[in-house]
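Asks:
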Ligand code: IPM
Ligand code: MN
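Residue numbers (this note's numbering): 297 to 648.
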């Protein structure tokens with residue numbers, strides 16, 4: 297019996313999570329596992345109502361679950377940063393979800409802005425370090441608001457943090473069993489402290505994985521190849537900030553935020569699955585947002601929980617719906633409503 301915490305969150309978050317849960321229900325019936333869910337109302341509405349961002353008990357409570365399924369965080373009436381840092385980043389850090397796993401996969405029938413590229417060319421995963429780097433909150437400000445103001449924001453990279461992320465990436469690359477190539481995306485020519493640590497660790501760990509080819513690309517070159525030659529990539533591992541940036545680029549090449557899934561993973565703890573896209577306030581409540589990114593995140597949750605048969609089924613169901621039904625991945629242009637897309641995926645799983 298899996299225990300799953302549900303955080304619908306803000307904007308269209310609850311709508312897309314609802315469709316994901318439809319698919320979870322269908323998959324559980326089909327494959328034969330059971331689960332229970334518990335709802336949490338963390339997000340902008342609760343904050344505006346009560347002034348509380350995340351209750352003190354939240355992190356301990358989340359530790360009781362097998363996984364967390366999250367819709368979106370971000371509210372137009374709340375200053376940017378408060379909810380993102382107070383909910384999303386707090387949970388990622390406190391639950392030590394040290395990998396942010398983001399597949400860049402072009403499903404059949406999905407339009408990519410990359411000329412002459414198809415599903416065979418765009419199919420790789422980005423392993424983004426998720427607890428350190430520029431996100432660690434190290435630094436400070438002096439003489440704020442004066443002409444002498446000094447702002448320092450440091451990138452923290454620990455041997456332990458870097459190594460466990462790199463090791464995860466090698467394991468994943470081996471398990472994927474494709475080209476078996478892992479690219480470290482860094483900036484060794486300029487960030488000679490941080491990426492020296494990354495590079496040394498990378499090639500040390502690589503010795504333990506003789507079946508995986510280690511490869512290196514600077515982050516600026518990485519963005520170039522992601523557009524020009526995405527087929528060169530199998531797995532990419534990178535730090536928190538670079539990973540944040542390149543996965544938005546990756547998301548656009550796979551059809552946009554409507555389809556880009558992600559997971560914040562602690563392989564020894566509680567992982568949290570969330571679509572990469574935001575809360576899309578202007579589409580809230582209109583039943584037009586694409587739920588496939590959330591359904592894809594649910595698919596990743598099933599995989600991490602060990603329900604690989606269910607995960608494969610949901611993956612096939614998504615491919616079926618993109619390949620034969622949806623006109624576009626964009627909100628309002630799919631040719632179907634949010635709930636209809638969820639129904640079609642769930643139906644495919646049930647009929648499989
Ligand atoms: C993401 C988002 C977050 C991040 C923000 C909302 C804090 O952009 O999940 O990529 O920067 O990690
Ligand atoms: Mn981002």
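All C-beta atoms, glycine included, are put in the ideal place defined by N, C-alpha and C.
1. What are the complete beta strand (DSSP E) segments, minimum 3 residues, inside the stretch 303 to 349?
2. Using only the alpha-carbon positions, how far apart do residue 564 and residue 589 sit?
3. With 8 Å as the threshold, decide whether the Cβ of residue 408 is near any Cβ in chain C.
4. Quick check: does the Cβ of residue 384 come within less than 7 Å of any heavy atom belonging to ligand 1?
5. For ligand 4, which residues have a Cβ under 7 Å from at least one heavy atom, in chain order?
6. Measuring CA to CA, which of 574, 416, 534 is closest to residue 422?
7. Whose CA, out of 512, 507, 486, lies closest to the CA of residue 497?
8. Thinking residue 587 and residue 407 are a contact (beta carbons under 8 Å), I'd like their distance in whole angstroms, please.
9. Look at residue 385 and residue 566 and say whether their C-beta atoms are less than 8 Å apart.
10. Under a three-way DSSP split, which group does residue 511 fall into?
11. Check whether the Cβ of residue 603 lies closer than 7 Å to any heavy atom of ligand 1, and answer yes or no.
12. Could you spell out the range, first to last residue, of the alpha helix (DSSP H) harbouring residue 619?
13. Between which residues of its own chain and residue 396 is the CB-CB distance below 7 Å, once the five residues before and five after are set aside?
14. Leaving aside the five residues before and after residue 606 along the sequence, list all residues of the same chain whose C-beta is less than 6 Å from its C-beta, in chain order.
15. The alpha helix (DSSP H) with residue 639 in it runs from where to where?
16. Under 7 Å from any heavy atom of ligand 1, does the C-beta of residue 380 make it?
17. How would you call residue 376, buried or exposed, if buried means at least 16 neighbouring beta carbons within 10 angstroms?
18. Tell me whether the beta-carbon of residue 645 lies closer than 8 Å to the beta-carbon of residue 617.
19. What does residue 420 pair with, by DSSP beta-bridge criteria?
20. Three-state secondary structure (DSSP) at residue 432?
21. Is residue 454 helix, strand or coil when you go by DSSP?
Replies: To lay it out plainly:
1. List check, beta strand (DSSP E) in window: 331 to 336.
2. 25 Å
3. The structure shown contains no chain C; it holds only a single protein chain.
4. yes
5. Among the ligands modelled here, namely ligand 1 and ligand 2, ligand 4 does not occur.
6. 534
7. 512
8. About 18 Å separates the two Cβ atoms, so there is no contact after all.
9. no
10. In the structure shown, the three-state DSSP call for residue 511 is strand.
11. Residue 603: no, Cβ never under 7 Å from ligand 1.
12. Element bounds for residue 619: 604 to 620.
13. 424, 426, 539, 558, 560
14. 323, 327, 598
15. Residue 639: member of the alpha helix (DSSP H) spanning 634 to 647, first to last residue.
16. yes
17. exposed
18. no
19. 400
20. strand
21. In the three-state reduction of the DSSP assignment, residue 454 falls in the coil class.
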